[in-house]
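Visitor: Residue numbers (my numbering): 3 to 210. Could you have a look at this structure, given as structure tokens, before my questions?
Following this line, the structure appears as structure tokens:
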């Protein structure tokens with residue numbers, strides 16, 4: 003409870019942190035609040051110093067690892083931030099939101115390079131995130147980008163269609179699913195996925 007309160011104050015009202023936590027308070031919740039407040043106020047060195055101190059105390063705390071990854075990525079140090087997200091999801095297992103953030107970071111890191119391994123890892127992480135959180139439009143958009151960049155246009159179209167369904171953009175969803183359906187072998191996994199999307203759209207339209 004104390005840590006959740008610290009997190010909320012740090013993110014929502016960082017200016018209140020010095021009033022809420024006395025300078026002499028060196029507890030983990032106090033330092034957690036200070037780390038988040040420094041991050042929110044763009045005090046790069048202070049934020050990194052505070053989160054590093056927390057990780058010395060609890061090196062396997064997935065939420066501290068996630069925060070350090072988030073800080074580094076937001077401060078433009080994407081490649082440095084990725085291992086922290088990676089370790090956080092290894093510890094947590096089911097962590098769709100962190101996996102989506104990791105997938106996004108891997109895509110950013112691979113941009114403008116031939117980093118196929120990074121793109122493949124992004125696909126793996128986003129695919130796992132979608133198993134846990136199938137209604138994440140953002141994850142569908144990111145995995146579509148990754149598939150597009152690895153030349154898997156039909157899988158990209160299927161995920162763009164899924165995203166469009168979630169955003170209630172049925173004409174675009176239909177267009178993407180139909181385009182995928184024309185280019186894949188009947189009965190294949192991609193064919194079944196595209197067909198399912200079109201059947202789902204038809205059901206929505208019939209109800210409407």
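For glycine and all other residues, C-beta sits at the position ideal for the given N, C-alpha and C.
1) Identify the continuous alpha helix (DSSP H) that holds residue 202 and give its terminal residues.
2) I'd like the ranges of any alpha helix (DSSP H) spanning at least 4 consecutive residues and lying wholly in the segment 42 to 99.
3) So, is residue 13 buried or exposed, given that buried needs 16 or more other C-beta atoms within 10 angstroms?
4) I'd like to know if the segment 118 to 133 and the segment 97 to 109 are in contact, where contact means that at least 3 CB-CB pairs between them fall below 8 Å.
5) Whole angstroms are fine: how far does the CA of residue 158 sit from the CA of residue 39?
6) Beta carbon of residue 109, beta carbon of residue 139: below 8 Å?
7) Using beta-carbon positions only, say whether residue 203 and residue 184 come within less than 8 Å of one another.
8) With a threshold of 16 other CB atoms inside 10 Å of the CB of residue 17, please say whether the residue is buried or exposed.
9) Going straight from the alpha carbon of residue 212 to that of residue 77, what length do you get?
10) On a CA-only basis, which of 87, 93, 112 is nearest residue 100? Give me that one, please.
11) Taking residue 147 as part of the alpha helix (DSSP H), name the residues at either end of that continuous run.
12) Go to residue 18, then tell me how far its alpha helix (DSSP H) extends in each direction, as first and last residue.
13) Would you grab the beta carbon distance between residue 69 and residue 53 for me? Rounded to a whole angstrom, and I think it's under 8 Å.
14) Taking the alpha carbon of residue 205 as the reference point, which residue from 45, 66, 63, 172 has its own alpha carbon closest?
15) Going by DSSP, what residue range makes up the alpha helix (DSSP H) through residue 174?
Guide: Result, derived from the coordinates:
1) 191 to 209
2) 46 to 59, 64 to 76, 80 to 94
3) exposed
4) yes
5) 38 Å
6) no
7) no
8) exposed
9) Outside the modelled stretch of the chain, which goes from 3 to 210, sits residue 212, for which no answer is possible.
10) 87
11) 139 to 151
12) No alpha helix (DSSP H) holds residue 18; DSSP gives it neither H nor E.
13) 6 Å
14) 172
15) 172 to 184
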